[in-house]
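>
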Amino acid sequence: AQRVDFNALEPNTELVWAKFIRENNSIYVCCLYHPPKPLYRSCDLLSVICSHIDEILAHDSSAVLILAGDLNTLDCTVLKTDYGLSQIVTDNTRGNKKLDKIFISRPDLIKACRTIDSLVKSDHKAVVVNPVFRDDCQPSSSNYRYKAVVYNRLPEHIFNLVDALANYSWPGLINAAKT
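Yeah, the sequence shown ends on 184 if you go by this note's numbering, and it's all consecutive.
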């Protein structure tokens, strides 16, 4: 992994980006903390995050994006609506609230996401994610549905969608359709 530095930063924010390469795919992971009473405006943090995502996608439009952390009450709607990221944490992480969240551009790469009691002293639960790796991609007999959302209809994004569909491993779906 290598740390990724960006020009756009907001003072007093706590976030770090790392880039991983897995099976010739670039995976960018942002770990961040948004305190309950930040020393900055929440919209400024979101603006910086969006700027970073835009910069990543300008250089690598097929990059996998993962943003994870204790976001408290940060309104992350823009990550879903403008970038098509999916929030995969479904269980409460502190009391009856989901404060710890994980947003990902490719939820199909996640086999499972669950919370467990933290191994360190914390009032938050730990979030455990089990990724799917190529070795794990076996045709399944279960009926798995994946909803793809396409927000940006620029020609290069349509080309990337067509390319992804052309290169997708379809045997699992084809076998499921035959039964």
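Virtual Cβ for every residue (Gly too), placed ideally from N, Cα, C. Note that the structure is predicted; figures quoted are calculated from it, not measured.
Could you check the C-alpha separation between ASP105 and THR98 for me, to the nearest Å?
6 Å
> For HIS69 and ASN30, I'd like the C-alpha separation in whole angstroms.
One point to set straight first is that residue 69 is Val, not His, in the sequence displayed. Rounded to the nearest angstrom, the two C-alpha atoms are 7 Å apart.
> Please determine, among SER52, TYR173, CYS35 and TYR88, the residue with the shortest C-alpha to C-alpha distance to ASP113.
TYR173
> Does the pairing of the stretch 70 to 89 with the stretch 40 to 58 give three or more beta-carbon distances under 8 Å?
yes
> Suppose the cutoff is 6 Å on Cβ atoms and the five residues either side in sequence are ignored; what does the same chain contact list for ALA117 look like?
ASN135
> Given this structure, state the Cα-to-Cα distance separating ALA13 from SER56, to the nearest angstrom.
7 Å
> Could you tell me the alpha carbon to alpha carbon distance between THR86 and SER110, rounded to whole angstroms?
12 Å
> Does the separation of the CB atoms of LEU37 and LEU72 fall below 8 Å?
yes
> Quick one: what's got a C-beta closer than 6 Å to VAL9's C-beta in the same chain, skipping five residues either side?
Apart from the 5 residues on each side of it in sequence, VAL9 sits with its Cβ closer than 6 Å to the Cβ of TRP22 and LYS24 in its chain, given in chain order.
> Thinking C-beta only, is GLU161 closer than 8 Å to SER52?
no
> When you compare the CB positions of LEU50 and GLU15, do they come within less than 8 Å of one another, or not?
yes
> Excluding the 5 residues preceding and the 5 following LYS130 in the sequence, name in chain order all residues of the same chain whose CB lies nearer than 8 Å to its CB.
Residues ASP96, ASN97, THR98, ARG99, ASP105, THR120, ILE121, ASP122 and SER123 of the same chain have their beta carbon placed closer than 8 Å to that of LYS130, with the five preceding and five following residues left out of the count.
> Looking at the secondary structure, which residues open and close the alpha helix (DSSP H) in which LYS85 lies?
82 to 86
> Taking DSSP as the reference, what is the three-state secondary structure of PRO136?
strand
> Under three-state DSSP, which class holds LEU189?
Because the chain in this structure spans residues 6 to 184, residue 189 falls outside the shown range and cannot be described.
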